[in-house]
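Quick note, the sequence shown lines up with residues 15 to 254 if you use this note's numbering.
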Amino acid sequence: MPKHPPPPDLTRYPSIEGPGLDVLDQPCIAFHKYDGSNLQFKWTQKDGWCQFGTRKRTFDRENPLFGVAISIFEAKYADQILASLRHYKEYRNIKSLTAFCEFFGEHTFSGLHRDREAKDLKLIDIFVTDEGFVLPRNFVNYFGHLDIAEVVYDGLLTRHFMKDVSIGTYPVKEGVVAKGVTTTKGRKGKMEQDSWMVKIKTESWLAELSRRAGESADLKQELEENLKQQGSLFNTHGAL
15 MPKHPPPPDL TRYPSIEGPG LDVLDQPCIA FHKYDGSNLQ FKWTQKDGWC QFGTRKRTFD
75 RENPLFGVAI SIFEAKYADQ ILASLRHYKE YRNIKSLTAF CEFFGEHTFS GLHRDREAKD
135 LKLIDIFVTD EGFVLPRNFV NYFGHLDIAE VVYDGLLTRH FMKDVSIGTY PVKEGVVAKG
195 VTTTKGRKGK MEQDSWMVKI KTESWLAELS RRAGESADLK QELEENLKQQ GSLFNTHGAL
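Listed below in structure tokens is the structure:
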């Protein structure tokens, strides 16, 4: 499936690749990966929570699928996120931010939703304009009292851990997103930190995707991409 850049007024959420050897054995926090749609909610100092979108387009309260997400976000996160940020001086003067959430129902699969099923949101990331994404451990420390993606694991991103996720040792349906930090030397020798992310899928979820791939071209493409990404470590570089 081609990756189109978002419209200029949307914040791009990174496309998360499968396991990679470049971050193997690095410290990470692994979060429950919820199977749903990635939605974004934009706040500006001038207009408040003023824009809502998917990866590709904006939506409003009248949207038949995603409109309900606005009310859910307002109830669970809108005031709470801002109140949390005010506790930390580095965020007290921000001009805008984007909160990213996963939108899903009990039977959502590969981002396909059932029309009349109740939906929920899980806060998964926050992007602060001119600062970048809140680093993984800060995200947990600053927003862990809210309904954020569940922390499944906190340790090194080892082959053993990834294999355990794959075979279903952890109580996740689709898999996990492991996040860590890369430190580089920036301008004038200043050390800068940025987040990295990789996803590890469960064999059972991939098997279900394989079973349903014949239902649509999108699911078939999703299967091909997932097998390529997840096989990059488990198959190409040997069994874990």
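Cβ atoms here follow ideal geometry from the backbone N, Cα and C, with glycine treated the same way.
Small disclaimer: the values here were computed from a predicted structure and weren't measured.
Asked                                                                                                                                                                         : Found
Expressed to the nearest angstrom, what Euclidean distance is found between the alpha-carbon atoms of PHE157 and LEU135?                                                      : 15 Å
What residue range does the alpha helix (DSSP H) around ALA97 cover?                                                                                                          : 93-99
Hey, out of GLY32, LYS202, ALA132 and ARG128, whose CA is closest to GLU188's CA?                                                                                             : GLY32
Relative to the C-alpha of ILE140, which candidate in GLU116, ASP36 and ALA83 has its C-alpha closest?                                                                        : GLU116
Verify whether the separation of the beta carbon atoms of GLU62 and PHE118 is less than 8 Å.                                                                                  : The question names Glu, but residue 62 in the sequence shown is Gly. No, these two residues do not count as a Cβ contact at 8 Å.
Which residues mark the beginning and the end of the beta strand (DSSP E) in which VAL300 is found?                                                                           : Outside the shown range of the chain, which is 15 to 254, sits residue 300, and nothing can be said about it.
Can you check whether the CB of LYS109 is closer than 8 Å to the CB of GLN65?                                                                                                 : no
I'd like to know whether the C-beta atoms of GLN40 and LEU171 end up nearer to each other than 8 Å.                                                                           : yes
Going straight from the alpha carbon of LEU254 to that of GLY200, what length do you get?                                                                                     : Because LEU254 carries a pLDDT of 48, less than 50, the predicted location of this residue cannot be relied on, and the following value inherits that uncertainty. Those two C-alpha atoms are separated by around 36 Å.
Can you give me the C-alpha to C-alpha distance between ALA113 and LYS56, rounded to a whole angstrom?                                                                        : 6 Å
For the pair the segment 143-154 and the segment 176-191, tell me if three or more CB-CB distances fall below 8 Å.                                                            : no
DSSP on LYS242, reduced to helix/strand/coil?                                                                                                                                 : helix
Go through its chain and collect everything with a Cβ distance to VAL197's Cβ below 6 Å, but skip five positions before and after it.                                         : In the sequence under discussion, the amino acid at residue 197 is Thr, which differs from the Val named in the question. Excluding sequence neighbours, THR197 sits near MET205 and GLN207.
In chain order, what are the residue ranges of uninterrupted beta strand (DSSP E) at least 3 long that sit wholly in the segment 84-149?                                      : 110-119 and 133-142
Which term fits SER124, buried or exposed, when burial requires 16 or more other beta carbons within 10 angstroms of its beta carbon?                                         : buried
Please list, in chain order, all residues of the same chain as GLY169 whose beta carbon is under 8 Å from its beta carbon, the five residues on each side excluded.           : PRO41, CYS42 and PHE175
Using only the alpha-carbon positions, how far apart do ARG128 and VAL195 sit?                                                                                                : 36 Å
Using 10 angstroms around the beta-carbon of LYS202, count the other beta-carbons present and answer buried if the total reaches 16, otherwise exposed.                       : exposed
Closer than 6 Å by C-beta to GLU164: which residues in its own chain qualify, once you throw out the five before and the five after it? Chain order, please.                  : HIS46
Which word fits LYS103, buried or exposed, when buried means at least 16 other C-beta atoms lie within 10 angstroms of its C-beta?                                            : exposed
Excluding five sequence neighbours on each side, which residues of the same chain lie with their C-beta closer than 6 Å to the C-beta of GLY81?                               : ARG75
Compute the distance between the beta-carbons of ALA221 and LEU237, then report whether it is under 8 Å.                                                                      : no
Count the other C-beta atoms from every protein chain shown that fall within 10 angstroms of the C-beta of ALA89, then say buried if there are 16 or more, exposed otherwise. : exposed
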